[in-house]
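**Student:** So that we are looking at the same thing, I have put the structure below in structure tokens.
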Amino acid sequence: MKYAVIAGTRMLQVEIDGSRLRVDGQAWDATLTRIPGTPLATLRTLRGTRNVVCRSEGDQWWVGLAGEQFVFQVLDERALAAREVAGRQAVRSVEGLVRAPMPGMVLRIEVAEGETVQAGTGLVVLEAMKMENEIRSPGPATVGMIVVAPGQAVEKGTPLVELRPQG
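Mapping of the sequence shown onto the working numbering: residues 3 to 169, in sequence order.
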């Protein structure tokens, strides 16, 4: 099974075939064993064994390892295909509200009202679980209203920025 693992602005291609793992084409000798009914897992690599805390909600994963916390978005092959189709459709122009994909704190606003943006333009940076997550425009648009302010706490689904179609 193939996955895209997105951490901040970095995307890794991950392929799992039975017990074999490849990350961006490089083979890894690793086994992750979940402990049923708990968020705990055991990660075994050539470097040793470590306890890991894993929690997911939809395609969002929170992982605790060696005292650090990481946030990832994990997309399977179907989700990747849907995202590509949506991306092609978004090229026409987008409108509507861009919402927080996770709870967090608004660190900074990267656009101004009235600004023209393209697909991938950074709109807002959220801090969640000590990681900065840039929320980007899904396609070309004009920034309407900026709904949040730096320092504001937001929940998943909170409107961040209104986008209006260009033209």
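Glycine included, C-beta positions come from ideal geometry on N, C-alpha and C.
For V55, count neighbouring C-beta atoms within 10 Å of its own C-beta (all shown protein chains included) and say buried if the count is 16 or more, exposed if not.
**Tutor:** exposed
**Student:** Let me know the secondary structure DSSP gives L165 once reduced to three states.
**Tutor:** Residue state, collapsed to three classes: strand.
**Student:** Pick from E117, G153, E17, M3: whose alpha carbon is nearest that of L165?
**Tutor:** E117
**Student:** Does the separation of the CB atoms of W64 and Q71 fall below 8 Å?
**Tutor:** yes
**Student:** Can you confirm whether the segment 29-40 touches the segment 104-117 when touching is taken to mean that 3 or more C-beta pairs between the two stretches lie within less than 8 Å?
**Tutor:** Contact fails: fewer than three Cβ-Cβ distances are below 8 Å.
**Student:** In its own chain, which residues sit with a C-beta less than 6 Å from the C-beta of R57, not counting the 5 before and 5 after it?
**Tutor:** P41, W64
**Student:** In the DSSP assignment, find the beta strand (DSSP E) that holds D61 and state where it starts and stops.
**Tutor:** Taken as a continuous stretch (DSSP letters only), D61 belongs to no beta strand (DSSP E), as it is neither H nor E.
**Student:** Is it right to say I137 is buried, meaning 16 or more other beta carbons lie within 10 angstroms of its own, or is it exposed?
**Tutor:** Answer is buried; the Cβ neighbour count reaches 16.
**Student:** Look up V149 in the DSSP assignment and say whether it is helix, strand or coil.
**Tutor:** coil
**Student:** Rounded to the nearest angstrom, what separates R80 and R24 at their Cα positions?
**Tutor:** 19 Å
**Student:** So what does DSSP say about A114, is it helix, strand or coil?
**Tutor:** Note: A114 maps to coil in three-state DSSP.
**Student:** From this set, R101, G98, A130, which residue's C-alpha is nearest L109's C-alpha?
**Tutor:** If we check each option's Cα against that of L109, A130 comes out closest.
**Student:** Taking DSSP as the reference, what is the three-state secondary structure of E2?
**Tutor:** Within the shown structure, residues of the chain are numbered from 3 to 169, placing residue 2 beyond reach of any answer.
**Student:** Starting from L48 and walking both ways along the beta strand (DSSP E), at which residues does that stretch end?
**Tutor:** Note, L48: premise wrong, no beta strand (DSSP E); not H, not E.
**Student:** If you drop the 5 nearest sequence neighbours on each side, which residues of the same chain put their C-beta closer than 6 Å to that of L14?
**Tutor:** V7, V25, D26
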